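Letter 631 of the sequence shown, counting from 1, is numbered 631 in this note's numbering, and no numbers are missing. For glycine and all other residues, C-beta sits at the position ideal for the given N, C-alpha and C. None of the values given here were measured: they were computed from a predicted structure. To keep things clear, I will list the structure first and then write my remarks on it.
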Amino acid sequence: MSELMTPIPFRELMTWVTAEYQKEGTVFGVHKPYQAGVKTLPIFGEKIETPFGPAAGPNTQLAQNIIASYFAGARFFELKTVQKMDGADLAACINRPCILAEDECYNCEWSTELYVRQAFEEYVKAWCACKIMAKVYGLGDPNAFVFNMSVGYDLAGIQGEKVDGFLSGMTDASQTPIFQECIRVLKEFFPAEESFIDAITPHISGSVTLSTLHGCPPDEIERIASYLIEKKKLHTFVKCNPTILGYETARSILDGMGYDYIAFDDHHFKEDLQYEDAVPMFRRLQALADKTGVEFGLKLSNTFPVDVKAGELPSEEMYMAGKSLFPLTTTMAARISREFGGRMRISYAGGADALNIDKLFSLGIWPITMATTELKPGGYQRFVQIGGKLDTLEFRPFAGVDVEGIEALALAARSDKYHVKAVKPAPRRKLYEKVPLLDCFTAPCKGGCPIGQDIPEYIELCRKGEYASALRLIAEKNPLPFITGTICAHNCQTKCTRNYYEDSVQIRATKLVAAQRGYDEYMSKLDAPVPADGGRKVAVVGGGPAGMAAAYFVGRAGIPATIFEKTGKLGGVVRQVIPGFRISDEAIDKDAALVARMGAEIRLNTPAPSVAELKAQGYTHIFFAVGAWKAGRLDIPGNVVPVIGWLKDMKAGKDIPLGNVAVVGGGNTAMDAARAALRAGARSSTLVYRRTKKYMPADAEELELAIADGVNFLELVAPVEQKDGKLRCEKMKLGEPDEKGRRKPEPTGEFVEIDCDTVVSAVGEKVESELFTANGIEVDAKGLPDFKTNVEGVYAGGDAMRGPATVVEGIADAQAFANAVIGEAHKFVIPAKAVASRADAIAKKGVLCASAKCEGDRCLTCNVVCQVCADVCPNRANVVIELPDGRHEILHVDRMCNECGNCAIFCPYDSAPYRDKFTLFKTREGFDESVNNQGFLPLGGGKVLVRLDGKVFEADLNAKNDLPAGIEVFILTVLNKYAYLLG
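This is the structure we're talking about:
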């Protein structure tokens, strides 16, 4: 496939818009339009219904991008920058992929990849399309939106024929062929609107934002701006780079917010416009604009240049935007506003979104343009919420910036949860599976769950108040809803698509709600299982979570199961070790009751007999589910106690001397111990770790809770000796990454001491491998057996097979064991009420919602509607196709794609939709060069050229052919019902 986009001719563009709108009520995949009210704001002698829109960038490059933005509510458009270098020459300089917007945003592209003439035509087409859409679709006042040009990067280029012609055409396009063509085509499409169409102004834009390259001298910036103001009579914004803050300020802000890994030196700060030069220049330019009778202001800010250090993008330098730019840009705005007494107009771009745009606007900062937010899931649809939010505020002409307000906002951003970096790096969001060619919609939360819990479905039941039904559905795969609803590692939440909006859906908490509110009703209707035939009998060694789950699953199938538990209660480590402030005995008891209801015989205070003895007693299948009770060894002198025994004694209420406690380790158990010490009255509790917080294996949530509880952290140290109330540690430094990607700690020869009376060793808990070897079970170098051991009928799971494992991993192993015993997987029916409607799923797209009465209102129900790749494509190159049977598929449209890579970032699969989804080609050249894309090229006459499974062949759709039925229906649907895609 080619990275060169093919602009859509205006007639085809309007065919697409009108056909899609008539068929779906959507425009370029934007499902819900923004319909403006009566309020407007004055700017540049014009008016706008909303003070926001897309920033110069990937979302203002093509006509369809701008049209989609307008339909969703944008009314101020900062068009993508044009310069003397354009088209194929510029595109060849841009490495692909060029966008990485997973968290904070980076890109390695800058001005339009089209030829300047093409860019001009795209903007004229978009202008005319938005005018007619406003009128015929009732979206608002057709004369209440503004196009703002963006030009760069030097005066000679701007004065050159190419860019000068662009500026002239944008100020008056009346004599240009493209404007005349647009008017003619609109009259054909909308003959009843002829008088309105004739009145469409050819004055596309009377304003410009000046973008300059890093290192551009101040006198050159002033010459360009003066030229645009004085000679071209354009309302002018000068775009400033964040480097104007100075290296120390920028470095300090980012480091303090957790972005210390973002690499940059001071060379741009030294070469770029300096603050002391900028201020008098801006005063002169303001005076010149006042004299000339045009408006002047500053565009804050440009993206921030940083180094590529971890292969983020295929470039040496990239440009940072989004949430990490917000504190820099607001600091710039605060400094400029203070300098000019609030009188300098600011056009804002730098991490704005639905969560902060109202704050900016209320301070007198507008227009506001955005790029990162619409590159994330929800896409252009996010603008509808932003428009609605601003509608509730008072619209006033610009009268100045609230200086104290922007200073307060800039400071608050440095600790705001939506702008600071998480304490640990984001976990892998993607699944490991490749995207299927068809039927790819998936709920990534379910794919991330070791037991494949039907998460969107039980959340939907909770949303409808069907708690008992939700609990029943949960228990089909998970017999420990209280334990997992309280302390599950919730890998599902790390996969949740809403992470890209604001926060994950609180899946674990919703499970607990279902358990608590549905338990009594569910238990009252839960019948004892019918005994099964076959003479099978199961022994479970260990009554922790894995053992409890195994007994439940086989018992549900009517197979007798006996749990051998050497202590007085079920629950294992969860019961005896994990502190009560994390999970109550009552919660564990309720899960134990579920296990008992399935007919399990529970033998407490009873160590398991040997495998031979169990077999002699008639047990046909044996499942080892013992926990990791054996302490890891911290080989230093002093008062060192193993964490498992220490926590067990503490939970049992034993009198434990505390004083100053140091916990060595960085896992969840270490966090428990450190928090428990403080709650038990320790003078201090310090976590000692040889790397930094970001490399700790503990869940981010557990780490954050420890910080909130007041646990001290001593990072980059290795303990050496505890003696006389002190712990001596050697300072470490981080070296190269190890095989797990964590940087290796290396000794420095320097030492530090802290107050310490007790060292709690929370490193490397293990399983007693002697239990296995004594029964003839083979173990590996770590002392662990295989799931299906070498002894006939004997299995192991949870900690016993994995080493320290999560509860849900233990449940997964228990289910695998049960399937082996039963001979098949458990079958059940998902209630119809558990599946959300497509309309409900669509309605949630693009809406940021940090909290709700019910998490079901936040769940995006990706099992019903995924189509993330369609949402996030700036160019609308991924299209949703509805098949005759009601299923929806993704079609990639080759000619509209520039391989930016954005869809690859957000697709839940380990795939790139622009390469891996079925593709529609417009030309044989595009088909031939896209050797990795499966897809088709229409040939006319019912024939298509197809690439499928590595083979290229011609297929006649009107005769017998070699196409799989699903692919044939897909192609026919595109040709017959989506002909506007063909071009």
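Within 10 angstroms of the beta-carbon of residue 38 lie fewer than 16 other beta-carbons, which makes it exposed.
The three-state secondary structure of residue 858, taken from DSSP, is coil.
Taking every protein chain shown into account, the CB of residue 182 has 16 or more other CB atoms within 10 angstroms, so this residue is buried.
With respect to the C-alpha of residue 897, the residue from 355, 888, 887 and 873 having the closest C-alpha is 873. With contact defined as three or more Cβ pairs closer than 8 Å, the region 594-607 and the region 723-742 are not in contact.
Here residue 495 carries a helix assignment [DSSP, helix/strand/coil]. Within the region 734-782, the alpha helix (DSSP H) runs of at least 4 residues that lie entirely inside it are, in chain order, 770-773. Taking C-beta atoms as the reference points, residue 920 and residue 935 count as a pair closer than 8 Å. With a 10 Å radius around the Cβ and a threshold of 16 neighbouring Cβ atoms, residue 300 comes out buried. For residue 947, there is no enclosing alpha helix (DSSP H); the enclosing beta strand (DSSP E) has its first and last residue at 943-948. Note that the C-beta distance between residue 496 and residue 483 is not below 8 Å. Of all alpha-carbon atoms in 303, 307 and 315, the one lying nearest the alpha-carbon of residue 325 is that of 303.
In the DSSP annotation of this structure, residue 368 is not part of any alpha helix (DSSP H); the continuous beta strand (DSSP E) holding it starts and ends at 368-370. Each residue's CA atom was taken as its position, placing residue 836 and residue 870 some 20 Å apart. Under the three-state reduction of DSSP, residue 720 is assigned to strand. For residue 248, the enclosing alpha helix (DSSP H) begins and ends at 247-256. Only exposed fits residue 267, as fewer than 16 other CB atoms lie within 10 angstroms of its CB. Excluding five sequence positions before and after residue 888, the CB atoms of its chain that fall closer than 6 Å to its own CB belong to 880 and 882, given in chain order. In the displayed model, residue 541 falls within a strand according to three-state DSSP. Annotation for residue 236: the continuous beta strand (DSSP E) segment containing it runs 235-240.
Taking 8 Å as the cut-off, the Cβ atoms of residue 552 and residue 471 do not count as close.
DSSP places residue 298 inside the beta strand (DSSP E), whose first and last residues are 296-300. Comparing alpha carbon positions, the residue from 706, 800 and 505 closest to residue 572 is 800.
Shown here, residue 445 sits in a helix according to DSSP, grouped into three states. With 16 or more other Cβ atoms inside 10 Å of its own Cβ, residue 963 counts as buried. For residue 618 against residue 537, the beta-carbon gap comes to about 5 Å, under 8 Å, which counts as contact. Secondary structure within the region 459-503: not one fully enclosed beta strand (DSSP E) run of 3 or more consecutive residues is present. The DSSP assignment places 296-300, 304-307 and 317-321 as complete runs of the beta strand (DSSP E) inside the region 262-338, in order along the chain (cut-off: 3 residues). Between residue 202 and residue 224, the alpha-carbon positions lie close to 25 Å from each other. For residue 196, same chain residues with a beta-carbon under 7 Å away, outside a window of 5 residues either side, are 135 in chain order.
Only exposed fits residue 850, as fewer than 16 other CB atoms lie within 10 angstroms of its CB. Contact between residue 211 and residue 153 holds: CB atoms are separated by about 7 Å, below the 8 Å threshold. Remark: three or more beta-carbon pairs, one from each stretch, lie closer than 8 Å, so the region 240-259 and the region 331-339 are flagged as touching. The C-beta distance from residue 749 to residue 544 rounds to 44 Å, too long to meet the 8 Å contact threshold. Fewer than three beta-carbon pairs drawn from the region 132-149 and the region 92-112 are found closer than 8 Å, and the two stretches are therefore not classed as touching.
Cα atoms of residue 868 and residue 377: separation of roughly 6 Å, rounded to the nearest angstrom.
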